[in-house]
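What follows is one structure encoded as structure tokens, with my remarks underneath.
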Amino acid sequence: MQFNVLTIFPEFFDSFLSCGLMAKAVEAGVVAVARVNPRDYAVDRHHTVDDRPYGGGPGMVMGLPTMVAALRALPAPGKILMLSPAGQPLTQAMAADLAQEPSLTLLCGRYEGIDARIFDLFDVTPVSVGDFVLSGGESAAACLMEAVSRLVPGFMGKDASADEESFSTGLLEYPHYTRPEVFEGLPVPPELLTGNHAAIAAWRRQRSLETTLAHRPDLFDVTPLSPEDADFLKGRPRRRSGRNCHIGLVHGPVLLKDGSVGTVSLTNLDVHDIARVSRTYGLGGFEVVTPLRDQLALAGRIVEHWRAGPGARSNPDRAEALSLVRLHETLDAALAAVSAEHGRPAALVATSARGPATLSFAAARELMAARPMLVVLGTGHGLAEDVLDRADGVLPAIRPFSDYNHLSVRAAAGILIDRLIGDAL
1 MQFNVLTIFP EFFDSFLSCG LMAKAVEAGV VAVARVNPRD YAVDRHHTVD
51 DRPYGGGPGM VMGLPTMVAA LRALPAPGKI LMLSPAGQPL TQAMAADLAQ
101 EPSLTLLCGR YEGIDARIFD LFDVTPVSVG DFVLSGGESA AACLMEAVSR
151 LVPGFMGKDA SADEESFSTG LLEYPHYTRP EVFEGLPVPP ELLTGNHAAI
201 AAWRRQRSLE TTLAHRPDLF DVTPLSPEDA DFLKGRPRRR SGRNCHIGLV
251 HGPVLLKDGS VGTVSLTNLD VHDIARVSRT YGLGGFEVVT PLRDQLALAG
301 RIVEHWRAGP GARSNPDRAE ALSLVRLHET LDAALAAVSA EHGRPAALVA
351 TSARGPATLS FAAARELMAA RPMLVVLGTG HGLAEDVLDR ADGVLPAIRP
401 FSDYNHLSVR AAAGILIDRL IGDAL
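Here it is as structure tokens:
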């Protein structure tokens, strides 16, 4: 594997290439690294590689003349990658694909980056090593080189070692232990001492599943699981708990079709479907708000039928979901009930398809971790303005830039809860 690294700081890689497995791989000829300094291709006496950006603004931009000359001088550039926070995320799967290439050329930007016309002149793939900004692409390039090199045959002392590491199977790796068997009262798990290879493999698989569930459950979206894996994971604690979160469905005060404020009728399907979503995500409760007494009585009969009546005997799963429903005449009553249940004041978080948002989903998750939270959705044409004004925050619209923004409240509830409680990062 040949790496060509275009950098104005070639000395950055001295330590990286002179220690550990990388040094051994270079010495053995498993990988080769050519460091190319664009300054060597400058034609002025100052060896200039950057200039001021057109349009003004802070910083400098790496220019094309030296970078293009350096690239064109390479005898075999292979696939060209630019380290950039705007690039494709570097994953184990990408590293495995890149390890099949005979050569890779890595562009390490500095300052404000490289003149964007580089993409018109060469087939360049931007790659990101994370959602953060570095002073230059050198440390990111080192990260990419090591991730790729480890998958080149002959790099690892034992090729099978790479097969069991995190992400190689789509999951995070299981924990490791070594001597002594007991250290400061902490023993090695007994399963690892049995000598039973099948039992040890099963233990490692289960710990890998648990670790992934706790820290990167999003990996399950792309990792096939066996029926045994799925059975093992059922009922285990999720990365996020929904106990502090209550969903509220407000029927009044809401906006009516003509723009006035009023009350709309309760819908049987809304109660059923949002209750089932609430139970699936483990919410603390589902608060239904309507100021109409006859609607409260109707909702009470629906809930009682499924919770304790004939419906409970014919469909216990539905009864379990409907057990989360509580009925309130006012939003204040609902908020007070949630606060009383948790023994501390609950935050009121509103939703609106109209915007503007004042609370991100990430901030809402932090708020939910600190105190109970009632997230309210409006029926009709959305919550009245006074509800939005009094809320501790308003969540972003689900599809704020769509030219069609008319989701049913049941669909909106499911999407919002998944964004708050779901396992995605």
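All the letters of the sequence shown, read from the start, carry residue numbers 1 to 425 under full-length UniProt numbering.
Quick reminder that beta carbons are idealized off the backbone N, C-alpha and C, glycines included.
Around the CB of ALA353, 16 or more other CB atoms lie within 10 Å, so the residue is classed as buried.
The way I'd put it, the region 357-364 doesn't touch the region 325-343; fewer than three beta-carbon pairs between them come closer than 8 angstroms. Between GLN2 and ALA76, the gap from beta carbon to beta carbon is short of 8 angstroms. Judged by DSSP secondary structure, PRO316 falls within the alpha helix (DSSP H) whose first and last residues are 316-322.
The alpha-carbon of PRO217 is positioned some 42 angstroms away from that of LEU64.
In the structure shown, GLU287 adopts extended strand secondary structure according to DSSP, grouped into three states. CA-to-CA, the gap between VAL30 and GLY78 works out to about 17 angstroms. In this structure, the straight-line span from the alpha carbon of ARG276 to that of ALA412 is close to 14 angstroms.
Contact between TYR174 and ARG150 fails: their C-beta atoms lie close to 18 angstroms from each other, not under 8 angstroms. At a Cβ-Cβ threshold of 8 angstroms, GLY282 and PRO372 do not count as neighbours. Taking 3 residues as the shortest admissible run, the region 357-384 contains the following complete beta strand (DSSP E) segments, listed from N- to C-terminal end: 373-378. Nearest to GLY248 by alpha-carbon distance, out of ALA346, LEU144, PRO190, is ALA346.
A straight-line Cα-Cα distance of about 39 angstroms links HIS406 and GLN92. Cβ contact annotation for ILE118 (same chain, cutoff 8 angstroms, sequence separation greater than five): LEU64, MET67, VAL68, MET82, LEU107, VAL124, in chain order.
Within the same chain, GLY59, MET60, VAL61, GLU112 come within 8 angstroms of PRO53 by CB-CB distance, once the 5 residues on both sides are set aside.
With the rule of 3 Cβ pairs closer than 8 angstroms, the region 250-261 does not count as touching the region 216-231. Going by beta carbons, VAL36 and VAL5 fall inside the 8 angstroms limit. Our two residues, ASN268 and THR379, have alpha carbons roughly 13 angstroms apart in a direct line. Judged by DSSP secondary structure, PRO65 falls within the alpha helix (DSSP H) whose first and last residues are 64-72. A direct Cα-Cα distance of roughly 44 angstroms separates ARG243 from GLU138. The three-state secondary structure of GLY343, taken from DSSP, is coil.
With contacts defined by Cβ atoms closer than 8 angstroms, MET22 and GLU101 do not form a contacting pair. DSSP places ALA214 outside any beta strand (DSSP E); the residue lies instead in the alpha helix (DSSP H), whose first and last residues are 197-215. Within the region 62-150, the complete beta strand (DSSP E) segments at least 3 residues long are 79-89, 103-107, 124-128, listed from N- to C-terminus.
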